[in-house]
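Participant: Pasting in a structure now, in structure tokens, and then I'll have a few things to ask.
Put into structure tokens, the structure is as follows:
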């Protein structure tokens, strides 16, 4: 059946084969609008419709309409609300895979896929009592959207297991669990789709994460090895086609049913079943549409975007290199031109790797906000190394553990760590708008077809956020803590007031590791922090300082005289620096709440007063009016006295506190005082990040980044 379809597609020739990629694009546009609607996806959809109409072929129109309508109905049919869970009854869970931590796993149930939280060991088939579990939505601009990621994985609900009634092993599921326990880090990352945040951090910084998990190179190489081995055993091509199907299914399952494995294995198997060679771009379109049927929500995850983008870019760039290799060849030399072009293709593998890596610049800017220039060189060098040396060693070590190979892989990880620490090659781009990313990609491939100097426009579009004419002042949602930032237009620098910090009371270490602050600053294109004002010694104000210093160049750190946990420039009031005026303390104290820095600044026509953790006694010494008041001590009743509110006369009160925090901030008494004076209140626990953006010297107002 598959062979007949592929033969029909190949013989259909020019129209269908040539424009199938347009139909695939149309299907993709419908997919994006159904599952993650955006104005830019609508523009993309309209553009494709106009392009299809321009083909002026009725057969092609009919094919496009029929396929697009079929997919639209399919997407809408499965995009139904998740079934409501009856938490009063036990549910049978069929464990599918482990996730990052040992206390989470994904399981199938009668309610669909569930992400389950459970602290303890479990078998892979169990009956359990469950309760609802809240998943934090992104509450800062450009933050990672975890709920959206879960939707992309097909997970309907998140629950916690309160009690296990019955459990037992199932052999077919236990294979992956056994491989997960047995394999080393690289094996799990390459073949099992395992993601560890700390392990992958350096690979993503270097820009080579796709080489290890997103390009699909590992599955392509294994498939080719199997094909070659079967041929050497004398098995006919006809039989090989059918032998590789169950092997591909096995690889797909042990990969955790990853999108990367699906794309590569579909491509390889369809190629195996075609009598006539399907054009690569046509095959790409077919695989894309089949993948969307199997995993309709896959493009809600970055891994799907990366793997299909890499697949498309590889086709386009290889065709470009092939055309370039033919330039200067003599067409009248029978066979010589082809031989010479093949020879040149082998010689230009490095060029291919460089062009492919450079094409990823817009995607890395959009998802990671930075790009390491060493990636261009590293990928060119590591691609043949991974394919011919590293992968065989990893597989051998998995089958027969060899100490020497373990040492080699361990040292390789150390080398990657050292290279990732070289900051001078990392360029922070910020997160460009989606439309700029789209234009950057189009211009890049256009530049390959015409003049390579246009690639500079692609790179420039990726820096539109970093050199934006907009100023930003934001109160970052760091949970139960404080962190405020001012980012002037065009500068790629920032002024930070406090860093936040969530303390793990068991280990006495930071839980947050500065991710909220770091990710936001990088998404805005910040590469240097001009000044960090640290109000006082409390962990929730300074706890993530060291993590932030590792990621950014910090020019100076300012803190009140009397603090003992900070190294930097101790100051006392009054002192002004770049528009920020320190108005408290006037004498050194012990670094406690009463020694907090009081800071006032004027931005976008609004006076902003930041009170740190200052209490009611210290408020008596501060005599300023303000449009915006960041309440002292997270809205605690020990601060924000009625007298101070009457002096300051704020129009807007900002409260920085965590959801369901143990201190019950803000206090009911403080919120009552604010309500009595008709002062508008915005809280990070309810509203997420609170910020204002304004153009050059224009006036603006604060607004909340409400994500609920």
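Numbering (this note's numbering), first residue to last: 169 to 876.
Cβ atoms here follow ideal geometry from the backbone N, Cα and C, with glycine treated the same way.
Predicted model, so just to flag it, every value in this text is computed and none were measured.
(1) May I ask you to report which of helix, strand or coil DSSP gives residue 562?
(2) What separation, rounded to the nearest whole angstrom, lies between the Cα atoms of residue 807 and residue 704?
(3) Measure the alpha-carbon distance for residue 470 versus residue 292 and round it to whole angstroms.
(4) Would DSSP call residue 721 helix, strand or coil?
(5) Give a yes or no on whether the C-beta atoms belonging to residue 468 and residue 316 are separated by under 8 Å.
(6) Need the endpoints of the alpha helix (DSSP H) that residue 617 sits in, please.
(7) Using 10 angstroms around the beta-carbon of residue 511, count the other beta-carbons present and answer buried if the total reaches 16, otherwise exposed.
(8) In angstroms with no decimal places, state the Cα-to-Cα distance between residue 553 and residue 321.
(9) How about residue 643 and residue 798: do their beta carbons lie closer than 8 Å?
(10) Alpha carbon to alpha carbon, how far is residue 833 from residue 792?
(11) Residue 386 lies in the alpha helix (DSSP H); which residues open and close that run?
(12) Using beta-carbon positions only, say whether residue 748 and residue 663 come within less than 8 Å of one another.
(13) Rounded to the nearest angstrom, how far is the Cβ of residue 460 from that of residue 199, given a contact under 8 Å?
(14) Threshold first: 3 residues or longer. Then list the beta strand (DSSP E) segments lying entirely within the segment 762 to 850, N to C.
(15) Quick check on the DSSP output: the beta strand (DSSP E) that includes residue 944 runs from which residue to which?
(16) With DSSP as the reference, label residue 421 as helix, strand or coil.
(17) Find out if the Cβ-Cβ distance for the pair residue 323, residue 282 is shorter than 8 Å.
(18) Within its chain, find whatever has a CB closer than 7 Å to the CB of residue 724; leave out the 5 residues flanking it on each side and keep chain order.
(19) Touch check for the segment 619 to 638 and the segment 665 to 682: three-plus C-beta pairs under 8 Å?
(20) When the distance is taken between beta carbons, is residue 727 closer than 8 Å to residue 734?
(21) I'd like to know whether the C-beta atoms of residue 253 and residue 284 end up nearer to each other than 8 Å.
(22) Starting from the Cα of residue 229, find the closest Cα among 190, 771 and 752 and give me that residue.
(23) CB-CB under 6 Å to residue 436, same chain, minus the five flanking residues each way: which ones, in chain order?
(24) Do you know how far the Cα of residue 521 is from the Cα of residue 218?
(25) Write down the C-beta distance between residue 880 and residue 794 rounded to the nearest angstrom, noting that I regard them as a contact closer than 8 Å.
(26) Grab me the residues of residue 429's own chain with a C-beta within less than 8 Å of its C-beta, minus the 5 sequence neighbours each way, in chain order.
(27) Measuring CB atoms only, is the segment 863 to 870 touching the segment 768 to 782, in the sense that at least three cross pairs come out at less than 8 Å?
(28) Rounding to the nearest angstrom, what Cα-Cα distance links residue 333 and residue 264 in this structure?
(29) Using a 10 Å radius around the Cβ and a threshold of 16 neighbouring Cβ atoms, would you call residue 549 buried or exposed?
(30) Take every Cβ of the segment 642 to 662, pair it with every Cβ of the segment 556 to 569, and state whether three or more of those distances are shorter than 8 Å.
(31) Could you tell me which of 804, 665 and 601 sits nearest to residue 750, measuring between CA atoms?
(32) Considering just the uninterrupted stretch of the beta strand (DSSP E) at residue 455, what are its terminal residues?
(33) Please check the pair residue 787 and residue 809, which I expect to be a contact at CB under 8 Å, by giving their CB distance rounded to whole angstroms.
(34) Using only the alpha-carbon positions, how far apart do residue 273 and residue 299 sit?
(35) Would you report the Cα separation of residue 656 and residue 863, rounded to the nearest angstrom?
(36) Using beta-carbon positions only, say whether residue 247 and residue 202 come within less than 8 Å of one another.
Facilitator: Per the coordinate set shown:
(1) helix
(2) 16 Å
(3) 28 Å
(4) strand
(5) yes
(6) 602 to 617
(7) Confidence at residue 511 is low in this model, with a pLDDT of 49, below 50, so the placement of that residue is unreliable and no value is reported for it.
(8) 32 Å
(9) yes
(10) 25 Å
(11) 385 to 400
(12) yes
(13) 6 Å
(14) 766 to 771, 774 to 778, 796 to 798 and 820 to 823
(15) The structure shown does not extend to residue 944, since the chain is modelled only from 169 through 876, so no value can be given for it.
(16) helix
(17) yes
(18) 699, 736 and 737
(19) no
(20) yes
(21) no
(22) 190
(23) 391
(24) 34 Å
(25) Nothing about residue 880 can be reported from this structure: the residues present for the chain run from 169 to 876 only.
(26) 361, 384, 387, 419, 420 and 423
(27) yes
(28) 19 Å
(29) exposed
(30) no
(31) 665
(32) Where residue 455 is concerned, there is no enclosing beta strand (DSSP E), although the alpha helix (DSSP H) it sits in stretches over 448 to 462.
(33) 6 Å
(34) 15 Å
(35) 10 Å
(36) yes
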